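Residue numbers (our numbering): 4 to 226.
Even for Gly, the Cβ is constructed at its ideal location relative to N, Cα and C.
Since this is a predicted model, take the numbers as computed values, not measurements.
In structure tokens:
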């Protein structure tokens with residue numbers, strides 16, 4: 004009997020682009036404020052006008068961030084802990100930046116942060132419960148969606164730098180190996196590189212949480 008291994012990587016990717024497109028269409032339909040085609044640069048009053056290319060950029064950007072969170076979910080507690088901090092950041096933005104992020108978002112991301120606390124009780128090392136692709140892809144969608152609600156999608160690149168570095172480490176490792184047959188990192192994603200350097204899982208997670216906390220505070224002033 005043939006074993007059902009679920010969706011293939013390509014099938015997942017197609018569905019991710021479809022959901023990203025549906026999300027952008029929904030935003031466009033909700034309010035003219037989300038019909039802008041310019042990308043804001045955090046910490047400045049500058050925006051880069053992309054025209055129709057904005058939607059192409061957004062499709063790829065959303066899918067990239069979603070998969071970056073998925074890649075981050077490689078050791079116990081890492082993705083959940085980092086996303087907990089990001090969720091608290093968004094809840095605080097909704098609380099204090101009235102008119103920029105809708106007030107109901109405070110409840111949404113506050114609830115997500117609370118749910119992650121409960122989940123992390125069983126997911127920190129040594130983990131007894133795992134989120135899998137379903138959980139990590141959902142978290143990825145949640146963190147990038149709020150960035151678009153803020154009309155400042157690039158803010159997630161700062162606050163969620165850990166996600167971005169994890170994904171870029173894979174891109175760099177694969178690309179460099181194909182070009183030179185040599186590796187930049189001992190192992191990719193980045194958290195596995197640190198493991199092979201002798202770091203304990205909890206040390207990696209705590210470091211990532213501290214970095215994300217500092218960057219989230221910084222991001223608050225860049226909105």
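Report task. For residue 42, name the three-state secondary structure that DSSP assigns. Result -> It is a strand residue.
Report task. Measure how close the beta-carbons of residue 123 and residue 80 come, nearest whole angstrom, since I'm counting them as under 8 Å. Result -> 6 Å
Requested in this report: Give the range of the beta strand (DSSP E) segment to which residue 227 is assigned.
Outcome: With the chain running from 4 to 226 in the structure shown, residue 227 is simply not present.
Requested in this report: Would you decide whether residue 76 is buried or exposed? Buried here means 16 or more other CB atoms lie within 10 Å of its CB.
Outcome: buried
Requested in this report: Could you tell me whether the stretch 193-212 touches the stretch 82-90, using the rule of 3 or more Cβ pairs below 8 Å?
Outcome: yes
Query raised in the report: Alpha carbon to alpha carbon, how far is residue 14 from residue 146?
Result: 22 Å
Query raised in the report: Apart from the five residues on each side of it in sequence, which residues of its chain come closer than 7 Å, Cβ to Cβ, to residue 187?
Result: 175, 176, 179
**Report entry** residue 120 to residue 182 span [Cα, whole Å]
**Finding:** 42 Å
**Report entry** Cα-Cα separation between residue 153 and residue 184, rounded to whole angstroms
**Finding:** 42 Å
Query - Close beta carbons around residue 151, own chain, < 7 Å, minus the five adjacent residues each side - result: Non-local beta-carbon contacts of residue 151 in its own chain, meaning distances under 7 Å to residues more than five positions away in sequence, involve 30 in chain order.
Query - As assigned by DSSP and simplified to three states, the class of residue 215 - result: helix
Query raised in the report: What residue from 105, 25, 90 has the CA that sits closest to residue 36's CA?
Result: Measuring from the Cα of residue 36, the nearest candidate turns out to be 105.
Query raised in the report: What are the uninterrupted segments assigned as alpha helix (DSSP H) that are 4 or more residues long and contained completely in the stretch 100-135, given in chain order?
Result: 107-126
Query - Whole-angstrom distance between residue 18 and residue 221, CA atom to CA atom - result: Going by C-alpha positions, residue 221 is about 33 Å away from residue 18.
Requested in this report: Go ahead and pull the three-state DSSP assignment for residue 10.
Outcome: coil
Query raised in the report: Does the beta carbon of residue 83 fall short of 7 Å from some heavy atom of the ligand HEM?
Result: For the ligand HEM, the structure offers nothing, since it holds no ligand at all.
Query raised in the report: Which residue's Cα is closest to the Cα of residue 57: 197, 40, 47, 45?
Result: 40
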